[in-house]
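Its first residue numbered 1, the sequence shown is counted upward by one per residue in the working numbering.
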Amino acid sequence: MAAAAVRRASTKFRAVDYLRVSTEEQVKGYGIAYTGKRTKRHIATKGWRHARTYADEGFSGSLEAHERPDLNRLMQDARQVPRPFDVVCVAEERAIGRAGRAFWPWVWELEDLGVFVAIVKGDYDNTTAEGRSRMRKAADRAEDERETIRERTQGGLQEKAEDGGYIGGKVPYGYRVINRGVRGESRLVIDDHQSCPVNCTAMHEAECLRDGRQCYVETRDWEEVAKSLNARGYRRRNGQPWGYHAARQQILSDIILEARQLFRGSHYVQRDADGKTTYGEPVTIKLDPIFTPDEVAELRSANQKPPRKPSTFRVYTLSGQIHSPCGKRYVGGGKGRRERQYRCQGRTAAYPGATTCECAYLRAEPIEQEAWKRIQHLLGDLGQLKAMAEDWLGYRSGSRVNFAERIAELDKQIAAQQKAVNITISVTAKQVAIEEELSEEESERRLAEVIAPLQQELTKLKRDRTDVASWQEESDDAEDRLTQLVQLAEMAQHRLHNMPLDKQQELMTVLNCEVTLIADLPQGRKGQPCALASWFSQRNMGVPLLTENAWEKVAPLIDWQPRNLSPRTVLAGILYKVRTDTPWKSVPSVFGSPATLQTYWTRWRRSGFWERAMEALADEPWTALPSPPSPKLTLRCLIEPQVLLESEGRPVESAAPGSPAARRPRRRPPPAARHPTPRCSRS
């Protein structure tokens with residue numbers, strides 16, 4: 001009766017359609033207009049009234065709902081009271097997501113809001129129990145097909161790797177593929193004249209490696225190796241000349257030195273909970289060696305270097321994290337300068353003779369201070385951290401699904417289905433027993449055929465329950481993240497104010513900071529830093545004002561009288577220079593020539609007068625040393641509360657005691673997290 005009432009009411013439904021096509025589908029010609037015709041025709045066929053269209057063109061199905069503008073807007077409208085529509089129509093399930101974890105929570109949330117979902121492909125919707133069952137089975141079939149295709153593909157690659165064949169992907173430098181496209185025959189061979197037709201004049205990669213190895217053994221200088229290879233006409237695969245780093249990387253590659261390629265051996269291969277590869281064991285593919293064993297030993301011996309001395313380089317908290325105007329990054333300027341500065345990587349030639357950039361050196365202190373001030377403000381502001389997390393998790397929009405109710409509902413269905421299986425087995429067994437002419441094997445086969453559909457449905461229900469339980473676990477992990485953000489803000493309030501530079505550098509690295517300067521660059525000083533300003537800054541002193549009272553204190557202490565100038569004028573000029581941060585050559589002529597001022601400042605400092613004079617003026621009015629304007633920059637960083645807390649040696653609290661998240665053992669998320677990590681951006 002209820003289903004019939006729904007059908008009768010369906011003619012009054014207000015329907016909206018959601019359209020999504022990926023970039024790949026756009027290339028094939030399946031645009032929004034093509035998909036929209038199908039959904040609008042379906043709505044008209046059902047007798048529903050079309051209310052609105054929501055469309056996300058060029059968005060991947062792997063994105064969550066809140067990451068697609070119009071789908072996010074659709075959900076916000078669905079939560080309004082009163083609701084502006086009753087049905088959401090989509091062309092097919094994958095318009096919402098490529099897997100059940102994206103599709104079902106979306107459908108369930110709409111159900112909780114009283115909104116139905118209609119699928120054009122297959123002509124079904126969840127306005128009836130029959131439609132809900134069809135929707136679940138269609139999603140299960142799509143998931144099964146996807147897994148089957150993946151297993152077949154990965155299994156074929158495994159078998160090919162074990163036979164030593166070419167498995168696709170990037171070809172190691174020094175090798176090439178023969179019999180490409182011939183099933184079971186494609187392999188890697190050494191790229192030299194021996195593997196090519198007669199009279200080949202090409203520059204072969206293996207011969208480039210051999211010449212480079214010989215040059216390094218003789219010179220022990222990778223810069224010379226790059227020059228030699230370029231002079232002989234060798235080029236990298238991208239057509240660019242060789243640089244010392246690229247030459248060293250290719251010639252000393254493990255693939256070249258050990259003549260082997262590892263399949264499924266990297267850290268990025270998909271693995272199960274026990275750390276084993278999902279689609280097959282790692283395979284070592286043996287290759288023909290480019291170097292002989294003696295040549296490899298000779299190269300390794302030549303590349304051995306004495307132990308490095310302890311580094312004396314200064315700490316640069318943002319090294320490699322500042323974007324340069326030329327597209328490179330700024331790194332620490334090294335230990336040769338008295339003032340810490342950042343140097344653009346573009347100033348180093350990529351290969352001998354290459355052009356370099358003219359990006360200015362940057363003073364390290366003002367940029368680091370400004371970035372650190374923003375980090376302190378960000379991590380210490382609990383309200384802002386929670387707002388960022390809530391936006392990321394979708395809490396503000398009310399995007400919450402009661403997974404516990406879904407699990408309880410599935411438990412009831414599983415119990416009912418299990419009972420149906422048991423009853424069917426009992427009844428069928430009695431019927432088979434009455435038919436005496438059946439053999440034991442025929443009886444067992446008859447029984448299996450009868451219960452197979454029921455058992456299959458039971459298996460699917462159990463799998464659905466496992467999926468929902470995993471989604472609930474992810475939701476609980478989100479609750480953990482909010483708890484960790486509170487801890488992070490508390491830690492920041494106590495630890496970040498007096499943190500030394502080396503610890504600041506570690507934290508900046510963990511945060512994966514990216515700095516972009518958006519105004520005039522705070523360029524580093526050319527030549528040596530100002531010794532006069534350094535004298536005051538090292539003693540944490542201000543610059544005194546030379547009033548009448550101050551001059552009366554200083555005049556009796558003067559031990560070196562200037563010629564043709566009053567000592568008061570010279571002293572006033574020196575204090576003017578440091579107070580205004582004016583270069584010596586730009587000090588007004590009223591104080592005398594710049595050379596005279598510099599000479600007497602040096603003499604007074606060496607004689608001890610300067611020290612005594614500044615001590616005498618310690619109680620006089622003074623002004624602070626001029627500080628450079630704060631650089632205008634944008635700062636982007638990646639916030640992982642658990643990683644930050646653990647890096648500070650703090651125990652990470654979980655959710656409230658007794659919650660599902662609190663009962664689970666703490667585990668670190670995998671490298672490829674399912675949810676994007678919130679990024680902060682501050683101007």
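A virtual CB, placed ideally from N, CA and C, is assigned to each residue, including glycine. Model, not experiment: these values are computed from the prediction.
Asked	Found
Beta-carbon gap between Leu686 and Glu368 smaller than 8 Å	Given a span of 1 to 683 for the chain in the structure shown, any question on residue 686 remains unanswerable.
Among Tyr234, Gly233, Asp254 and Ala226, nearest to His245 - alpha-carbon criterion	Ala226
Ser589 versus Arg579, Thr599 and Gly573, residue with shortest Cα-Cα distance	Gly573
N- and C-terminal bounds of the beta strand (DSSP E) containing Phe116	Phe116 to Ile119
Simplified DSSP assignment, three categories, for Ala55	strand
beta-carbon Tyr244 near the ligand COA non-hydrogen atom, thresh 7 Å	In the structure shown, the ligand COA is absent, as is every other ligand, since no ligand is present at all.
The region 342-360 in contact with the region 326-333 per 3-pair CB rule at 8 Å	yes
Ala15, enclosing beta strand (DSSP E) - first and last residue	Arg14 to Val21
Contact under 8 Å by Cβ, Leu113 with Arg94	no
First and last residue of the uninterrupted beta strand (DSSP E) at Glu514	Glu514 to Leu517
Segment contact, 8 Å Cβ cut-off, at least three pairs: the region 374-386 with the region 351-363	no
Span separating the alpha-carbon of Glu615 from that of Leu362	34 Å
Pair within 8 Å by beta-carbon distance, Leu496 and Leu382	no
Buried/exposed call for Asn126, threshold 16 Cβ in 10 Å	buried
Contact the region 241-257 vs the region 197-216: 3+ CB pairs below 8 Å	yes
Sufficient close CB pairs (3 or more, under 8 Å) joining the region 407-424 to the region 451-468	yes
Candidates Ala429, Glu109 and Glu207: closest to Glu449 by CA position	Ala429
Option nearest Arg406 by Cα separation, candidates Gln455, Ala364 and Ala469	Ala469
As assigned by DSSP and simplified to three states, the class of Tyr351	coil
Stretch pair the region 556-572 + the region 603-621: three plus CB contacts closer than 8 Å	yes
Inter-residue Cα distance where the pair is Thr509 and Leu638	10 Å
Neighbourhood of His193 by C-beta, 7 Å cutoff - its chain only, sequence neighbours within 5 removed	Cys200 and His204
Pro453 versus Thr424 - alpha carbon distance	11 Å
Nearest-angstrom beta carbon gap, Leu617 and Pro500 [assumed within contact, 8 Å]	Not really, about 33 Å apart at Cβ, beyond 8 Å.
Length of the line joining the Cα atoms of Thr623 and Ala533	13 Å
Given Val90 as reference, the closest of Gln80, Asp56 and Asp77 once Cα atoms are compared	Asp56
Spatial distance of Trp108 from Gln240 (CA atoms)	55 Å
DSSP state of Pro544 mapped onto helix, strand, coil	strand
Limits of the unbroken beta strand (DSSP E) element including Arg79	It is not in any beta strand (DSSP E) - Arg79 carries neither H nor E in the DSSP assignment.
Those residues which DSSP pairs with Val331 across a bridge	Arg343
Proximity to Lys12 [Cα-Cα], best of Asn72, Gln80 and Asp86	Asp86
With 16 other Cβ atoms within 10 Å as the buried cut-off, status of Ser324	buried
Three-state secondary structure assigned by DSSP to Gln455	helix
Chain-order list of residues whose beta-carbon lies under 7 Å from that of Met135 (same chain, five-residue window excluded)	Ile119, Tyr124 and Asn126
Limits of the unbroken beta strand (DSSP E) element including Thr35	Premise fails: Thr35 lies in the alpha helix (DSSP H), Ile32 to Lys46, not in any beta strand (DSSP E).
Inter-residue spacing [alpha-carbon to alpha-carbon] between Leu287 and Leu507	43 Å
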